[in-house]
Each structure stands twice: as structure tokens, then as C-alpha cells.
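A short write-up of the structure that comes next.
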Amino acid sequence: MQAGFTCLETGLVRAKNSINVAVKNVADFCVASLAFWAVGFGIMFGATAGGLFGTSFFFFDTGPFEGTSSAWLMAFFFFQLAFCGTATTIVSGAVAERMSFRGYLITAVILSACIYPVFGHWAWGGFGIDTQMGWLQELGFIDFAGSTVVHSIGGWVALAAVIIIGPRLGQFDENNSATESHNTPVAVFGMFLLWVGWFGFNGGSTLAMDVSVPHIMVHTLIAAAAGGVTAMGMTWSGRGAPNAVDSLNGVLAGLVAITASAHVATIGTAILIGGIGAAVALGCQALLKRYRIDDAVSAVPVHLAAGIWGTLAVALLGDASLWGTGHTRLEQLGVQAMGVTVAGIYAFGVGYAALTVINWFFPLRVSAEAEHMGLNASEHGASTAIHDLINAMDTQKQTGDFSMRVPVEPYTEAGQIAAQYNQVLDRVHGEMTAREQTSAQLRTARDQAEIANAAKSQFLANMSHELRTPLNAIIGFSEIINSELFGPLGNEQYKEYVSDIHDSGSHLLSIINDILDLSKIEADSYDLAEDDLNVGDVMVACERMIRTRAQSGQLNLAVEIEPNLPGLVADERALKQMLINLVSNAVKFTPEGGDITLRARREADGRIALEVADTGVGIARSDIAKAFEPFAQLQADATVFKADGTGLGLPLTAALARSHQATLVVDSEPGRGTAITIRFPLERIVMNKTAAA
30 MQAGFTCLET
40 GLVRAKNSIN
50 VAVKNVADFC
60 VASLAFWAVG
70 FGIMFGATAG
80 GLFGTSFFFF
90 DTGPFEGTSS
100 AWLMAFFFFQ
110 LAFCGTATTI
120 VSGAVAERMS
130 FRGYLITAVI
140 LSACIYPVFG
150 HWAWGGFGID
160 TQMGWLQELG
170 FIDFAGSTVV
180 HSIGGWVALA
190 AVIIIGPRLG
200 QFDENNSATE
210 SHNTPVAVFG
220 MFLLWVGWFG
230 FNGGSTLAMD
240 VSVPHIMVHT
250 LIAAAAGGVT
260 AMGMTWSGRG
270 APNAVDSLNG
280 VLAGLVAITA
290 SAHVATIGTA
300 ILIGGIGAAV
310 ALGCQALLKR
320 YRIDDAVSAV
330 PVHLAAGIWG
340 TLAVALLGDA
350 SLWGTGHTRL
360 EQLGVQAMGV
370 TVAGIYAFGV
380 GYAALTVINW
390 FFPLRVSAEA
400 EHMGLNASEH
410 GASTAIHDLI
420 NAMDTQKQTG
430 DFSMRVPVEP
440 YTEAGQIAAQ
450 YNQVLDRVHG
460 EMTAREQTSA
470 QLRTARDQAE
480 IANAAKSQFL
490 ANMSHELRTP
500 LNAIIGFSEI
510 INSELFGPLG
520 NEQYKEYVSD
530 IHDSGSHLLS
540 IINDILDLSK
550 IEADSYDLAE
560 DDLNVGDVMV
570 ACERMIRTRA
580 QSGQLNLAVE
590 IEPNLPGLVA
600 DERALKQMLI
610 NLVSNAVKFT
620 PEGGDITLRA
630 RREADGRIAL
640 EVADTGVGIA
650 RSDIAKAFEP
660 FAQLQADATV
670 FKADGTGLGL
680 PLTAALARSH
690 QATLVVDSEP
700 GRGTAITIRF
710 PLERIVMNKT
720 AAA
């Protein structure tokens, strides 16, 4: 039985706590053996004091004991000690993964020396040794091999303990990571060990090798099988797949349930008792989760809930002719219910009170850091391959150093994970090396681009004077010559030539100025001469500069300025250039008789918006982005307008808007016109330059 509990519990907990659980199973049996020999056995089976507790057999030794042979006493003690050890170790699984080792040993002493023996005397005091019976036993309470005496008593104390110490860290979070069993096959092996051990428990409780033993053992087998099938079927139908852990707990619940009535059952009733026991256990398990009570191995559902059902099943399904109490079925049910109730009040009450007091002086729960580390290391200084792997990975996470490979423990699952993880690290290092090489190439390309950009800026700066000076001279002389050609030396053909020279020079100078301004903005070397501007004055000035062109194209040009419009912090030359560029485009792309409107207004959010709207040919949505590319010219019907120019107007306007932290929005539809709006941020608004209407 102890080996079964050890395998079951260590398999159901996480690997970082498996050693702690195993050592607790060793320690609690050692503690229970000494405590039960010293006082527990005497309290349980000694001469009764009013049916409440025993008063003899304390610290007993070999030799005659008032007519009881020492051989019988030793055999009986040996057999009963296994029951005491089972009741004690039930708590171990429930509190696993967060109860301190010291706190658990104290709990084991209290349970094995006091709580279990006292109730054991009430229910079993007159068995095996010629002493007076306990008070429940005299009433006719039947618990053949301990559904309540052993399993429910252990379950009640376990329930008190898990309530006091609380759930495991993360148990009831969304990821619910604390419920993962690290080795379910070992847990299943533990279940089979317990199943075999139960034959000794139930079969041996006859205290004689007679003809009833084979029947009892078969009933035990059948109830366990029914419990396993029931749990498997319930989880299969409810979740779409049979749950392994619930299935093995169903077997154990069937064993616990049949323990009270194995001697008065039939094969048919054994199936019912075992199957219902499993269903009761699964129901209790769901109830604990609902109330956020954390039982690491479902010890409370299996031992307490199934134990209560099994004790009541004696009266509900047992053969009344075999009870030997003389009670009717209803009377026997009342006695059984009384025993169950008394067990709960006594075991849970004393257990909760004692553990609460102990928790004040010696905290039963380990620290959060120790729980996170795992009780193997924090409580025993022990480690496992998986724990070493987790520590190595955690160190990498904390330090950010992934150059060191994690240790590989050969021939273990943790070692296989570590080996795969190291391969991932190798791949990551390879990717990082490739990325570093790519980054180096990108840095080299960036440096070369910066050098080229600097050379371009230097070239433009140097060539600015070289280009503008002769062009200005050409334009100036052409104007002088053109004026002189009106005199006596005038020649209409030469006058036309000079006009072409003047127009070409002016156009070339405009292109050069746009290119230089755009280059400066891109190089972040365009210096804004910012001032507090009256928006209305700027709008009117732009209208005057462009009106002649609009009139020559027979276009209607209007200016709309919102009354009391605040001033704007901006570069006046840049602001005018933006508006003139937009109006020039509108003039160029609007057919005769069309309308062009300059608007200045304040938006609902407080920003100032300058808008140029026309009723021209418009721009297709797919072509808007292309319109902002330098030197790009959109294709259109040449009969409607002449697409002259360099294609720098919109790109330069957008760049100048960005330099003012403004946004530029285009709303256009082919055949219906275009509206381009420049919105300036709130921080550029001033109230001392209010525009007139």
C-alpha cells in the first residue's frame, strides 16, 4: 500500500516536487509506525474508558498482556499499523507541492497518534483483542475495512489542510499549469500496487483465513473494475476522450467504496457500489474546483467522498442477514449516517483547529520562491534532470546570455529536451550570425549612401551659385535687349527670339530653385525663417500673383477667409510657395470657365486648414501617390490641358508641409475636380495675427 501511494503521488505531481512527495511517503510511515506503537495503538485498541478511548497497550513490548499472547498482539499491531499508515499518507497527496516537510511531519504525528486512533476506538475498539467496544461499535456501526475509519478520516484531515494552506501558485489561473502530471504511467503503476494491497486490507480484515475471504477479494476486484469503467465512461462522454488520471482515480474510488461492505455485498451490489463511488468522487472533484480548493491528487474526492458513500452503502445495498446488528435497513442507515457525521465533525474539527494553531507558530506552507523552485531543491537540496534544465533555461532568460548550452542528462526525457533545445540555440546563433552579417552590410550601404548624399548636397551647394548667376544674367540681358528692340533697331523676329531666351531661362531657373529646395529639405538642411503671419495677407498676396494666369485661362479665382482666423507661425516664403504651387496646378489642369478657390478656415479640433479647390480634370485614386513622385507627369487628354512643368510642384509642397509639421490631404475625383488641404498643428497657431474677413 505504501509503495502504491508513493508511485501514485509522485507520478501525479510535477517533476520538481516528485522527490519531496516520495520522501514524505517514507517519513510519514516511519512517524506513523512509532506514534502508533507508542500511543495510537493503545488509544485505539486498549481497554476502553466508556467507549471513548483505550487506556492500555501504550509503549508495549513482547510478553504476555493479560491473557493476550504476545504473538497475537504483534500480528494484530502489524496489520493495524498498515491501516494507520494509509490514513496518514492520504494527506500527503492532497497537500503536495506546497506544504513544508516539517509541517507535514507534524500533521502526520497528530493524525496517527490522536485523530485516527480515537475514532478508530469508537468504531473498531472491540476487534481483535478482548476489550470493551467503542460507543459507535456498540450502536451497530459497520465499517468492515475502513471506508470511514481509514479513508474518510484521512480525507477529512486532508480537506482541513488544503483549506488552511491554500491552492498551488497558478492552480486556478487561466493556464492552470499546476495540474500537469509529470509521469502518469508511474501513477498508474501505483494504482495497481494499491489494488493488490487492497486484497490484503479487505481480505485480512476477517482476522481469519476462512471461506469468506475469496468472496471478499472478488467483491473488491469487481467494485474496483466498475469504478474504473464508470470514470472512464464519464470522462469519455463529457470530454470526448477518456481521461487517464480520472480513470485510475475511479478504480481507487471503487476500492474505497467497497471497503466498508465487502463482507456483506454480492457481485451485483459490488458493481453498483464501485460504480457509484467513482461517480461520487468525480462529482466531489468538480465541486472542489468550483470552490477553488486545490487537492493535488484528488485525495479528498477518492478517499473522503467515496468513503462516505461506501459507508452508507452498507445499509443501502448490503445483505441485511449478514450485518449481525439486528437493525432494520432504515435503522442501519441511521447508524451509518451517524458514524459518517461524527467522523466529519471530529476529524475535520480537530484537524482544522490543530493545524490552524500550528500554522501560527510553524507556517505549514513554503514560500512562493521555494514553491516556484520546487520542493525537491528547496526542502531537500535535491535535484532532477528536468529541474536542472529549467534552472539553466531560467538563467538564460534572466541574463540574456544564450551562448552557453544547457546540460544534457543522457537517457532521460529531460536530456532529450535539452538536446533539442541546444539544437534550437545553435540554429538561433546561426540566424543571429547571418543577421549580424546582413546588418553589417546594411550599415556599410547606409554609410555609403550618407557619403553620396553629402556629396550631392555639397555639389548642389557649390553649383547653386554657378547655375543661378549665369541664368540670372541671361534673364536680365534678355529683358534689356527686349526693351531695346522696341526702339529704332527693333526687329520683330529678334524680339521673338529674345522672348524665347527669357522664358526658357526663367523656366530653367524655376526648375533649379525647386530642385535645390527639395534637396535641402530631404537633407534636413532647409532653414525655415519662421514668423507670426497673418494668413489672410498671405492668401491675398498669392491671389494677386496668380490672378493674371487665371484670367488668361478664363478661370474664376476666388479667396475665402474665415473671419477672425488666428495667425500662423510659418516661413512666409515657403507658405506662399506651397499655395502658388497648388494654385498653379489648379490653373493648369482646370478647363476654361472652371472655378478655383483658395480657402482658409479653422477646423473643429482647432487646427488651421488652407485649401485649394478646383473644378478641373481631377486625379484617379490610383494615381494620387504617383503625383507626389518628383518629375512624375500624369497622362491626360492633351486637348483639355497642356501638361507642362517638371512634376516638382506637389513633391515640394508636401516636403515644405512636413517641415512645418503639417499634413497634406488630397481629395480628388476624375472629371469633378481636386481639393488639396494643408492642416497646420495647434502649436503653430498664434492669436495676435487675426485675419480680416
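Letter by letter, the sequence shown follows residues 30 to 722 in this note's numbering. A virtual CB, placed ideally from N, CA and C, is assigned to each residue, including glycine. On a predicted model such as this, the values are computed, not experimentally measured, just so you know.
CB contact flag (residue i, residue j, <8 angstroms)
i    : j    : result
R631 : E591 : yes
L222 : C36  : yes
T177 : A289 : yes
G69  : Y145 : yes
V329 : A174 : no
I322 : G303 : no
I648 : V616 : no
M263 : L311 : yes
G184 : G336 : yes
G71  : F87  : yes
V598 : C571 : no
G279 : G256 : yes
F170 : Q365 : yes
V646 : P699 : yes
T706 : E640 : yes
G283 : G306 : yes
L277 : V217 : yes
A376 : I194 : no
A51  : T39  : yes
S688 : L562 : no
G368 : L165 : yes
N49  : E408 : yes
Residue i burial status per 10 Å Cβ neighbour count (16 or more: buried)
i    : result
N593 : exposed
R573 : exposed
M103 : exposed
A142 : buried
V147 : buried
V453 : exposed
L140 : buried
F230 : buried
I119 : buried
F128 : Rather than Phe, the amino acid found at residue 128 in this sequence is Met. The residue is buried, with at least 16 neighbouring Cβ atoms inside 10 Å.
T385 : exposed
R464 : exposed
Local conformation of residue i per DSSP, three classes
i    : result
E559 : strand
R240 : Residue 240 is actually Val in this sequence, not Arg. Correct three-state label for V240: coil.
R434 : coil
K45  : helix
T295 : coil
P517 : Its pLDDT being 46, under 50, P517 is placed unreliably in this model, and the value from its coordinates should be taken loosely. Residue state, collapsed to three classes: coil.
V715 : strand
P595 : strand
Y320 : coil
L198 : coil
I648 : coil
E209 : coil
F88  : coil
F657 : coil
P214 : helix
Q16  : There is no way to answer for residue 16, as the model of the chain reaches only from 30 to 722.
N231 : helix
P680 : helix
G114 : helix
M30  : coil
Which residues DSSP lists as bridging residue i, in chain order
i    : result
I705 : V641 and V695
A629 : I590 and L639
D600 : E559
R394 : M128
D624 : N585
G83  : T77
Test: residue i CB closer than 8 angstroms to a CB of chain D
i    : result
V258 : Here chain D cannot be found, since the structure has a single protein chain.
Residue i CB to nearest heavy atom of the ligand FAD below 7 angstroms
i   : result
V60 : Ligands displayed in this structure: none; no statement on the ligand FAD is therefore possible.
Alpha helix (DSSP H) runs wholly inside the region 323–387, at least 4 long, in chain order: 335–346 and 358–372
Whole beta strand (DSSP E) elements within the region 133–196, 3-residue minimum: none
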